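Whatever position you read off the sequence shown (first residue = 1), add 1 for the working numbering. Even glycine gets a Cβ: it sits at the ideal position worked out from N, Cα and C. As the structure is a computational prediction, the values presented were derived from the model and not from experiment. Working notes for the structure below.
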Amino acid sequence: MLSFELTIDGKAHATGETFDVLNPSTGEVAGRAPIAGKAELDAAVAAAERAFKTWSQTADDELKAACEAVTAKIAEHADELAQIITAEQGKPLNGLGSRWEVGGAQAWAGYTAGLSLPMKVLQDNNEGRVELHRKPVGVVGSITPWNFPLMIAIWHVIPALRTGNTVVIKPSPLTPLSTLRLVQIMNEVLPAGVVNVVTGDDGAENLGGLMSAHPGIAKIVFTGSCATGQKVMRSAAETMKRLTLELGGNDAGIVLPDADPAQIAEGLFWGGFINNGQTCAAMKRLYVHESIHDEVCAALVEFAKTIPVGDGMDEGSILGPVQNRMQHEKLSRLVAEASEKGDVLLGGAPGEGLFFPPTLIAGLQNGDSLVDEEQFGPALPIIKYSDVEDAIAMANANPAGLGGSVWSSDIEAARKVGQRLECGSVWINKHGMVQPNAPFGGVKASGIGVEFGEEGLEEYTNIQVLFS
Ligand code: NAD
2 MLSFELTIDG KAHATGETFD VLNPSTGEVA GRAPIAGKAE LDAAVAAAER
52 AFKTWSQTAD DELKAACEAV TAKIAEHADE LAQIITAEQG KPLNGLGSRW
102 EVGGAQAWAG YTAGLSLPMK VLQDNNEGRV ELHRKPVGVV GSITPWNFPL
152 MIAIWHVIPA LRTGNTVVIK PSPLTPLSTL RLVQIMNEVL PAGVVNVVTG
202 DDGAENLGGL MSAHPGIAKI VFTGSCATGQ KVMRSAAETM KRLTLELGGN
252 DAGIVLPDAD PAQIAEGLFW GGFINNGQTC AAMKRLYVHE SIHDEVCAAL
302 VEFAKTIPVG DGMDEGSILG PVQNRMQHEK LSRLVAEASE KGDVLLGGAP
352 GEGLFFPPTL IAGLQNGDSL VDEEQFGPAL PIIKYSDVED AIAMANANPA
402 GLGGSVWSSD IEAARKVGQR LECGSVWINK HGMVQPNAPF GGVKASGIGV
452 EFGEEGLEEY TNIQVLFS
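So this is what it looks like as structure tokens:
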């Protein structure tokens, strides 16, 4: 049984009560996490405020070295962390699963450690010298979701540390264990109070809500649903917090008439089904030109049939269960509604427990719930179109604007279509491939701000201009 305490001010912090964390593959209890309330949050913020006094004054190369030390710690504990992720999240150890997630966390941490935001001289002449400095904002509150618990924690924490901020992180109550362990490991190489973790069950004392309103927290970096992101924004207004909001998506993929169905099938599948579709920037709607629609559907079905689905701990599994009951119920409803209107090409009915087989449903259109709503699971709606202009209009006719993709043998033609999509990232002949040197974020309802690269790092700083 996995069981970890909070880490506050560099020390293990016991709370009287705990809550169960379930293994989605088996339904059994995978571990227990502490229930923290306002008192623990206040203690964590106070510790981070104290640590900020020194950490914010630390030399840039020391901040870099500290982030590199954290990266080395992740590498040292890679297997242990992967096991914890699979136990609580359900994704397989194998494939694009938990080992891959830990590898990604390590790669992001290492790359981000190497970034810096040096002072810029804006002017230096007889009229004076003007310098632009980047200053840490203070205590950063990080609120993470359950789909990539470790990777997203790293996406939040490392840029904050690298720019001289201190952190209080709160993982999803569905996947708190890997973050609790990660913060323990980080604290082996960081000064006390620089990274603190609190966990709770979203019950009476909603920790995320308390964090968004907390006067000691200067910035919230939040990854999660649009609805919760709006709540964060509302409660952050009072204290004028800096915000990075990475919210939900409903990414469209558009297959142009000249694409080769056999060549793109594997990429299309993983674009939609990475992490069992529980990925913010997964392809969640697929628009296919009528001239190759049937061939694309057939190639997708053929590839999807080769993917083994099973218990995440089983080395043979490439996809696992859906992570939680609420998500499974939402997916079941959307697929049931879509099945009445469209043609179920594969899957279509819930499996045992939280399992749900990869599902492909054609014959749908905008206005159908599986197309319009974010399914966040292994079911892809396919929409036939005859005019590319219509496909672009349908892709853009959604409040979300996270990512999009265009599939074609003519890269230039695809790039032109891609640039007309209303979203923060566009991929040609692939989907959802984020990387640490490229800013990533949503437009429209998908959020505010970006992560990754120098632009992502800047979000953890305030500008101070020095005129002399
Ligand atoms: P969620 O919004 O339910 O929860 C996210 C976090 O917010 C959790 O830690 C939760 O405990 C916390 N929370 C709950 N109530 C809160 C409140 N009132 N104030 C502040 N925080 C509160 O999201 P989820 O179900 O965990 O994650 C799935 C969603 O996240 C999907 O919509 C997905 O698209 C999105 N997502 C977006 C990105 C991105 O980078 N854009 C990445 C991953 C997931």
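Same chain only: Cβ atoms within 6 Å of residue i, ignoring 5 sequence neighbours per side
| i | result |
| --- | --- |
| isoleucine 98 | The sequence shown places glycine at residue 98, rather than the isoleucine named in the question. The answer, listed in chain order, is Lys92. |
| histidine 329 | Val323 and Leu355 |
| histidine 157 | Ser143 and Val222 |
| glutamate 452 | Trp156 and Phe441 |
| serine 213 | Ile221, Val233, Ser236 and Ala237 |
| asparagine 325 | Leu175 |
As assigned by DSSP and simplified to three states, the class of residue i
| i | result |
| --- | --- |
| serine 179 | helix |
| aspartate 21 | strand |
| aspartate 43 | helix |
| glutamine 58 | coil |
| leucine 458 | helix |
| lysine 385 | strand |
| threonine 229 | helix |
| threonine 280 | coil |
| glutamine 185 | helix |
| leucine 191 | coil |
| threonine 360 | strand |
| isoleucine 275 | helix |
Assigned exposure category for residue i - 16 Cβ within 10 Å defines buried
| i | result |
| --- | --- |
| valine 168 | buried |
| methionine 187 | buried |
| valine 466 | exposed |
| leucine 422 | buried |
| proline 1 | Shown here, the chain extends from 2 to 469; a query on residue 1 therefore has no answer. |
| valine 122 | exposed |
| lysine 306 | exposed |
| glutamine 231 | exposed |
| valine 22 | buried |
| arginine 130 | exposed |
| glycine 28 | exposed |
| arginine 182 | buried |
Extent of the continuous beta strand (DSSP E) run through residue i
| i | result |
| --- | --- |
| tryptophan 408 | 404 to 408 |
| aspartate 295 | No beta strand (DSSP E) holds aspartate 295; the alpha helix (DSSP H) holding it covers 294 to 305. |
| arginine 163 | Note, arginine 163: premise wrong, no beta strand (DSSP E); alpha helix (DSSP H) at 150 to 163. |
| alanine 110 | Taken as a continuous stretch (DSSP letters only), alanine 110 belongs to no beta strand (DSSP E), being part of the alpha helix (DSSP H) at 99 to 114. |
| arginine 135 | 129 to 137 |
| glycine 254 | 252 to 256 |
Cβ-based neighbour list, residue i, same chain, cut-off 7 Å, excluding 5 preceding and 5 following
| i | result |
| --- | --- |
| glycine 105 | Met152 |
| glycine 448 | Gly230, Leu246, Glu247, Leu248 and Gly442 |
Beta-carbon proximity check, residue i vs residue j, cutoff 8 Å
| i | j | result |
| --- | --- | --- |
| glutamine 107 | alanine 70 | no |
| alanine 337 | arginine 286 | no |
| alanine 339 | aspartate 373 | no |
| threonine 55 | isoleucine 36 | no |
| leucine 3 | glycine 38 | no |
| asparagine 277 | proline 379 | yes |
First and last residue of the uninterrupted alpha helix (DSSP H) at residue i
| i | result |
| --- | --- |
| asparagine 397 | 389 to 397 |
| lysine 342 | 326 to 342 |
Neighbourhood of residue i by C-beta distance below 8 Å, restricted to the same chain and skipping five residues each side
| i | result |
| --- | --- |
| threonine 180 | Thr145, Pro150, Leu151, Ala154, Ile170, Pro172, Val198 and Thr200 |
| lysine 65 | Ala114, Gly115, Ser117 and Arg163 |
| alanine 299 | Pro262 |
| glycine 268 | Trp408, Asn430, Lys431 and His432 |
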